[in-house]
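Residue numbers (mature numbering (1 follows the signal peptide of the UniProt record, and there is no 0)): -20 to -1, 1 to 309.
Even glycine gets a Cβ: it sits at the ideal position worked out from N, Cα and C.
Bear in mind that the values here come from a model prediction, so they are computed numbers and not experimental data.
Here's the structure we're looking at; comments come further down.
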Amino acid sequence: MKWRWWLIFGLTISAGMALAGCQRPVAAHPATHTTASSAVRHSQTQHSATSSKARHTAAKPKSAPSRVQLPLRSIAQRTMGRLAGQNAVYIQTTAGQTLSWHDRSQKAASDIKLFILATVYRQVVAGTFQLATPYTLREADKVGGTGNLQAQPAGTRVTNQALLKAMMTVSDNTATNIIIREVGGRAVVNREIQRLGATQTRLRRLMMDQKALAAGRDNVTSARDLGQLLMKLWHHQLISPTADTAMLKLLAANTNHTKLPANVPASRQVYNKTGEFDTYGVENDAAIFAHGQRAVVVVALSQHGQLAEQIPAMNRLGQQVDHAVFTAK
């Protein structure tokens, strides 16, 4: 019986100790309650942050598909890359793709007239040049090359607007020289060129100035300088919206579409200015092709080349760029 008593006593003590070990001290309850509340708040905060993150993730738009890269470089290389002489191409789309291929300062020929045009409209906006003002033609004004004004008798009166139109639509050299003098001379035009950021462009002589040419002074530009001017013009960011619209209208009336625009669809609106100088094998064209709100600037400069190769190459360049931008999927 004694061993049973000891057994009962031992079991009782063990049970009490076990019960005591399972219970938490009363003093610990408030702290435990506070900690639990904090944990709930923390959990709620985490849930809120997670929910917010989920909402943010859900609301975040999917990444736009990458813009299709047009094969502009390969087009330039296969159309202009095999020509003799020095050749450069600049292409820029309104979608943001740009190609500058073999860019350098080259003979501008009549493409320098784009910068003279910008100078005129800078002064028109400033009120210092009046398009309606008449000019009386002098015999000394007349020079050869392109244009019909040289055939008019001295004393013929033409407005500045008519001179500007002749300069841009039929590349009249006599009209161009008059315009240069009327805006203040070469220095004024060169200041405008600098203002436009055309770092490789310079007006160094008047049209058909053989003495300047013999002395090694020629007008120069680059495909990039011309292309950037045209893109600013298209976006109405060159001089002013009104002035830029007027300049685009003059470019749209250009009569020479034998180069870059020759093979583009008739549905395209074309704005361009060409340049030629046979003595130096120069064939240039700077153009905008537009279709609705979309447009592409294409510039091709070629010097010391062969006319029979240059023109077909520019025809292909314009056609293939137009197809890549407006037609190809």
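Cβ pair residue i, residue j closer than 8 Å
i, j, result
"Q283", "Q66", "yes"
"N140", "T113", "yes"
"A232", "Y251", "yes"
"A288", "V278", "no"
"V262", "F269", "no"
"K239", "D265", "yes"
"M227", "G125", "no"
"A209", "A178", "Strictly speaking, residue 209 in this sequence is Leu, with Ala absent from that position. Their beta carbons are under 8 Å apart, which means L209 touches A178 by this criterion."
"S90", "K253", "yes"
"L63", "A304", "no"
"R248", "H216", "no"
"G255", "A88", "yes"
"V169", "F95", "yes"
Own chain residues within Cβ distance below 7 Å of residue i, not counting five before or after
i, result
"K122", "Q130, T154"
"I219", "A98, Y101, R102, V105"
"Q132", "L117"
"I291", "T238, K239, E263"
"G135", "T116, L117"
"I92", "L183, N199, T201"
"E119", "A134"
"M(-4)", "For M(-4), the pLDDT reaches just 38, beneath the cut-off of 50, and the residue's location in the model is therefore unreliable, although a value from the coordinates is still provided. Nothing listed; no residue qualifies."
"D83", "A68, Y70, S202, A203, R204"
"P51", "A304"
"Q190", "none"
"Y260", "K87, Q283, H284"
"R53", "L79, W81"
Spatially closest choice to residue i from the options, by CA coordinates
i, options, result
"A146", "A134, F109, N236", "N236"
"S151", "N234, L228, Y70, A304", "N234"
"G285", "I55, M60, H82, S54", "M60"
"D198", "G272, K212, R182", "R182"
"E162", "V138, Q49, F109", "F109"
"H78", "A167, I55, N170", "His is not the amino acid found at residue 78; the sequence shown has Thr there. Of the candidates A167, I55, N170, the one whose C-alpha sits nearest the C-alpha of T78 is I55."
"P241", "M148, A195, L297", "L297"
"Q72", "R175, R166, D302", "D302"
"Q273", "T222, W214, L111", "W214"
Bounding residues of the beta strand (DSSP E) (the contiguous stretch that carries residue i)
i, result
"N252", "249 to 257"
"N199", "No beta strand (DSSP E) contains N199, which DSSP labels as neither H nor E."
"R274", "274 to 283"
"E263", "262 to 271"
"T116", "114 to 116"
Neighbourhood of residue i by C-beta distance below 8 Å, restricted to the same chain and skipping five residues each side
i, result
"L193", "R185"
"K229", "none"
"N128", "A146, V150, D152"
"Q49", "Q77"
Beta-carbon contacts of residue i that lie in its chain and below 6 Å, excluding the five residues immediately before and after
i, result
"Q180", "S85, S202, D205"
"N243", "N295, Q299"
"Y70", "S80, A203, R204, G207, V279"
"L143", "A155, I158, I159"
"H22", "Legend: pLDDT at H22 = 38, less than 50; position of this residue unreliable, no value from coordinates given."
"R166", "L183"
"L111", "N140, Q141"
"D224", "L213, H216, L218"
"F306", "H271"
"Q174", "none"
"R137", "P114, T116"
Residue i, enclosing alpha helix (DSSP H) - first and last residue
i, result
"residue 339", "Absent from the structure is residue 339, since the part of the chain shown begins at -20 and ends at 309."
"T149", "140 to 149"
"Q208", "203 to 214"
"T156", "153 to 163"
"L129", "Premise fails: L129 is in no alpha helix (DSSP H) and is neither H nor E."
"N234", "Counting along the chain, N234 falls outside any alpha helix (DSSP H), and DSSP gives it neither H nor E."
"A167", "166 to 175"
"V305", "287 to 306"
"Q103", "93 to 106"
"Q49", "Careful: Q49 lies outside any alpha helix (DSSP H) and carries neither H nor E."
"K191", "190 to 194"
Paired residues, beta bridge with residue i - DSSP
i, result
"V244", "None; V244 has no bridge partner."
"Q72", "T78, V277"
"N67", "S282"
"Q86", "T201"
"R182", "V200"
Interface flag, residue i vs chain D, CB-CB below 8 Å
i, result
"R118", "Going by chain labels, chain D is absent from the structure shown, which holds only one protein chain."
Any non-hydrogen atom of the ligand FMN within 7 Å of residue i CB
i, result
"Q49", "With respect to small molecules bound, the structure shown includes none, and the ligand FMN cannot be examined in it."
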